[in-house]
Amino acid sequence: MQNNGRMRRELIKGILIMGMGLLVSCGSPNKTYNKLPLDAIILAFGDSITYGYNAPREASYPAILSDLSGMEVINRGISGEKAFEGRIRLQNELETYRPELVLIELGGNDFLARRSENLVKEDLRAMIGEVKVHGAIPVLIAVPEFSMTAVVLGMPSDASLYRELAKEEEVLLISNAIGDVLKHESLRSDQIHPNSAGYYQLAESVYEALKKAGLL
Numbered sequence: 152m153q154n155n156g157r158m159r160r161e162l163i164k165g166i167l168i169m170g171m172g173l174l175v176s177c178g179s180p181n182k183t184y185n186k187l188p189l190d191a192i193i194l195a196f197g198d199s200i201t202y203g204y205n206a207p208r209e210a211s212y213p214a215i216l217s218d219l220s221g222m223e224v225i226n227r228g229i230s231g232e233k234a235f236e237g238r239i240r241l242q243n244e245l246e247t248y249r250p251e252l253v254l255i256e257l258g259g260n261d262f263l264a265r266r267s268e269n270l271v272k273e274d275l276r277a278m279i280g281e282v283k284v285h286g287a288i289p290v291l292i293a294v295p296e297f298s299m300t301a302v303v304l305g306m307p308s309d310a311s312l313y314r315e316l317a318k319e320e321e322v323l324l325i326s327n328a329i330g331d332v333l334k335h336e337s338l339r340s341d342q343i344h345p346n347s348a349g350y351y352q353l354a355e356s357v358y359e360a361l362k363k364a365g366l367l
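Residues in the sequence shown are numbered from 152 upward in steps of one, following the numbering used here.
As structure tokens, then:
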């Protein structure tokens, strides 16, 4: 029974990717996808914001997204992780969980360490390619560029590399979801992390974006 279920998921995965390819070839500016099956696996891949730092595990955005969507959302966030570190571990995560969709949220720790945006962009590009090779759909979650001014003023805005990369790789981008949370003191536990209420809003933003794209 498990083998039959896995074969069915792999077949559906292939259909989803074929549909995505047709949409991309048509150059659709508003990217839409085939709806994921209810037994699809979603992999939330990222750093402390994916992990749910400073909040109970059940309050993390992947846990809330699972509640909202009714789907299995696996939380593979690691606090403090940089993009190049995520790039190294992604293949193993894909082979372990075999997701239909992968949410990629990385870059914040790179910005804090003043790592080159070009290097971050290429790490993310490699991850998008790895997800596609494994037959899953990559979705990019934009992260604010944590400059000292933005942090002090509480006005974070997405780093431009995410929009550029999403356009170049023709993948779905969820923009401003994190920044919109961190702009409000009531939704964050510190200057760069949401609190439980903030994670809930982040999950809602991700859910609505996936729904609008036709995935949910």
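Positions of the beta carbon are idealized from the N, C-alpha and C atoms, including for glycine.
None of these values were measured; they are calculated from a predicted model.
Range of the contiguous alpha helix (DSSP H) that encloses residue i
i	result
Glu-223	Careful: Glu-223 lies outside any alpha helix (DSSP H), inside the beta strand (DSSP E) at 223-228.
Leu-219	212-220
Glu-273	268-284
Tyr-313	311-320
Ala-348	347-363
Glu-236	234-248
Gly-259	259-263
Cβ neighbour criterion (16 or more within 10 Å) applied to residue i
i	result
Pro-207	exposed
Val-284	exposed
Ser-267	exposed
Ile-239	exposed
Gly-258	buried
Met-222	buried
Ser-311	exposed
His-344	buried
Thr-201	buried
Asp-341	exposed
Ala-293	buried
Ala-376	Nothing can be reported for residue 376, as the shown portion of the chain is limited to 152 through 367.
Whole-number beta carbon distance between residue j and residue i, since they are thought to touch under 8 Å
i	j	result
Val-282	Leu-323	The pair is not a contact, with the Cβ atoms about 12 Å apart (cut-off 8 Å).
Ile-279	Glu-320	5 Å
Tyr-184	Leu-316	With a Cβ gap of about 18 Å, Tyr-184 and Leu-316 do not count as contacting.
Leu-241	Ala-354	So it is not a contact: roughly 22 Å between Cβ atoms.
Segment limits, beta strand (DSSP E) that includes residue i
i	result
Gly-197	192-197
Val-294	First-last for Val-294: undefined, no H or E at that position.
Glu-256	252-256
Ile-329	That residue, Ile-329, is in no beta strand (DSSP E); its alpha helix (DSSP H) goes 328-333.
Leu-324	323-325
Residue j beta carbon less than 9 Å from that of residue i
i	j	result
Leu-252	Leu-338	no
Gly-228	Phe-196	yes
Leu-216	Ala-287	no
Glu-368	Asp-198	The chain is shown from 152 up to 367; residue 368 falls before or after that span and cannot be answered.
- Contact between the region 224-240 and the region 267-278: three or more CB pairs below 8 Å? Judged by Cβ distances under 8 Å, the region 224-240 makes contact with the region 267-278, as three or more pairs qualify.
- Query: Between the region 325-336 and the region 185-195, do three or more beta carbon pairs fall short of 8 Å?
  - Reply: No: fewer than three Cβ pairs fall under 8 Å.
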